[in-house]
Amino acid sequence: MTALKPLSTTSPALLCEVIRGDFVESLHAGHAVICDAEGQVVRVWGDADVQVFPRSSCKMLQALPLLESGAADAAGLNDEALALACASHNGAHIHTDRVGAWLKDLGMGDDDLRCGPQRPDDREARHEMIRTGASPCQVHNNCSGKHAGFLTLNRHLGGGTEYHEPDHPVQRAVREAFEEETGETSPGYGIDGCSAPNFATSLGGLARAMAKFAAPDESSVRGVAQQRLYEAMVTHPALVAGEGRACTGLMRAAKGRAAVKTGAEGVFVAILPEQGLGVALKVNDGTTRASEAAIAAILVGLGVLEENDPEVQRLANAPLINRRGMTVGSVRAAQALRTGW
Numbered sequence: 043m044t045a046l047k048p049l050s051t052t053s054p055a056l057l058c059e060v061i062r063g064d065f066v067e068s069l070h071a072g073h074a075v076i077c078d079a080e081g082q083v084v085r086v087w088g089d090a091d092v093q094v095f096p097r098s099s100c101k102m103l104q105a106l107p108l109l110e111s112g113a114a115d116a117a118g119l120n121d122e123a124l125a126l127a128c129a130s131h132n133g134a135h136i137h138t139d140r141v142g143a144w145l146k147d148l149g150m151g152d153d154d155l156r157c158g159p160q161r162p163d164d165r166e167a168r169h170e171m172i173r174t175g176a177s178p179c180q181v182h183n184n185c186s187g188k189h190a191g192f193l194t195l196n197r198h199l200g201g202g203t204e205y206h207e208p209d210h211p212v213q214r215a216v217r218e219a220f221e222e223e224t225g226e227t228s229p230g231y232g233i234d235g236c237s238a239p240n241f242a243t244s245l246g247g248l249a250r251a252m253a254k255f256a257a258p259d260e261s262s263v264r265g266v267a268q269q270r271l272y273e274a275m276v277t278h279p280a281l282v283a284g285e286g287r288a289c290t291g292l293m294r295a296a297k298g299r300a301a302v303k304t305g306a307e308g309v310f311v312a313i314l315p316e317q318g319l320g321v322a323l324k325v326n327d328g329t330t331r332a333s334e335a336a337i338a339a340i341l342v343g344l345g346v347l348e349e350n351d352p353e354v355q356r357l358a359n360a361p362l363i364n365r366r367g368m369t370v371g372s373v374r375a376a377q378a379l380r381t382g383w
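First residue of the sequence shown: 43, per the numbering used here; consecutive thereafter.
In structure tokens, the structure reads:
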């Protein structure tokens, strides 16, 4: 694999700070980019050229061949399935029951997945598993919807069972769509937590891809696919993540005006159709609390969310509460993300 370039060629920007008392206790730096429908960078904090693994933030791109090939329609997939194809879900019953039914409709089962088992993040599902002595299955994996999509595409293409391998027709189709949407040739890939290849790109390229989703050419096959995936996500935000999760909460608060998606190691993206903009950010230390604060503040700055919205306050100005229930500080988006728009 071609070696990745250094994390940044310029200094990262401050994206989030942790306040305790009257002091700044911790700082989270990184990079954030906004691109327009023409693919041009319109605003940047840090370095738009920094190369990143998008991780799960690019699941919408990975789902494009599922629709463009005709596999989704041939399998009769509804919007709920398309939302799950883009999901990093909690493993609640609303997720696993639907993925299980999807696999059954394909004539397949848990053993056909290649994502690996994962203990559910959903508290009720996790406690139920403990009470019953059950073990997690692959369907509980947060990426099981994406993998059900891969299996659906693979059945349509007639490929071999190891659909997750980088040289498999499924992943070749994913890479082609990924590079077309980012406008860049990926320098290589890493293997994600779910065993699928995750292709590297610049942060600006990732934002560019999101902007294309924000302003799709609805006369083209790809544009229709982009629109369908966007609509599925904003219509079913609970399927994309789950209760208490930033993706679900922010999309509910945006009321159809934005689709947002997190990725591991401090990545977040947003699709904003009204403005024709795409957003991508990466926190250098991979901290989720910082990426959530940053994306919430950027959505406020772009006029998609109100600053006093409870979900924005929960993420971008979160109280720091100690074990006695005392508010002792806050986790908040950096000033540069909250002012000067």
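By construction, the Cβ of each residue, glycine as well, lies at the ideal position given by its N, Cα and C atoms. These figures come from a predicted structure and were not determined experimentally.
Subject >> Straight-line gap, residue 220 to residue 330 (C-alpha atoms, nearest Å) >> reply: Counted from its first residue, the sequence shown places residue 220 at position 178. Counted from its first residue, the sequence shown places residue 330 at position 288. Roughly 24 Å separates the two Cα atoms.
Original post:
Going by C-alpha distance, which of 267, 110, 197 is nearest residue 147?
Top reply: Looking up residue 147 in the sequence shown gives position 105. Comparing Cα positions, the closest option is 197.
**OP:** Note down the Cα distance separating residue 125 from residue 64, rounded to an integer number of angstroms.
**Re:** Here residue 125 corresponds to residue number 83 of the sequence shown, with the count starting at 1. Here residue 64 corresponds to residue number 22 of the sequence shown, with the count starting at 1. Take the alpha-carbon of residue 125 and the one of residue 64: they are about 43 Å apart.
Original post:
Excluding five sequence neighbours on each side, which residues of the same chain lie with their C-beta closer than 7 Å to the C-beta of residue 359?
Top reply: Your numbering for residue 359 matches position 317 in the sequence shown. Excluding sequence neighbours, residue 359 sits near 372, 374.
Original post:
What three-state label does DSSP hand residue 303 in the structure shown?
Top reply: Position 261 of the sequence shown, counted from the start, is the residue given in the question as residue 303. Strand, per DSSP.
Original post:
Taking the DSSP output, what are the residues bridged to residue 371?
Top reply: Indexing the sequence shown from 1 puts residue 371 at position 329. In the DSSP output, where bridge partners are listed per residue, residue 371 has 62, 362.
**OP:** Using the DSSP secondary-structure output, state which residues sit across from residue 352 in a beta bridge.
**Re:** As a first step, residue 352 must be located in the sequence shown, where it is residue number 310. According to DSSP, which records beta bridges pairwise, residue 352 is partnered with nothing at all.
**OP:** Please classify residue 143: does DSSP put it in a helix, a strand, or coil?
**Re:** Here residue 143 corresponds to residue number 101 of the sequence shown, with the count starting at 1. Helix.
**OP:** Return the chain-ordered list of same chain residues with a C-beta closer than 6 Å to the C-beta of residue 338, the five sequence neighbours on each side being excluded.
**Re:** If you number the sequence shown from 1, residue 338 lands on position 296. Cβ within range, chain order: 354, 357, 358.
Subject >> Uninterrupted alpha helix (DSSP H) stretches inside the region 280-343 (no shorter than 4 residues) >> reply: For the alpha helix (DSSP H) assignment, the uninterrupted runs of no fewer than 4 residues enclosed by the region 280-343 are, from N- to C-terminal side, 288-296, 330-343.
**OP:** Tell me whether residue 160 sits in a helix, a strand or coil according to DSSP, three-state version.
**Re:** Within the sequence shown, residue 160 is the residue found at index 118, counting from 1. Coil, per DSSP.
Original post:
Quick check: the region 63-78 against the region 152-163, are there 3 or more CB pairs under 8 Å?
Top reply: As far as the Cβ criterion goes, the region 63-78 does not touch the region 152-163, which means the pair count is below three.
**OP:** Let me know the beta strand (DSSP E) ranges lying completely inside the region 153-228, each 3 residues or longer, listed in chain order.
**Re:** List check, beta strand (DSSP E) in window: nothing returned.
Original post:
Among the residues of its own chain, which have a CB less than 6 Å from the CB of residue 263, if the five just before and after it don't count?
Top reply: Along the sequence shown, read from residue 1 onward, the residue named residue 263 stands at position 221. Cβ neighbours of residue 263 within its own chain (closer than 6 Å, five residues either side excluded): 110.
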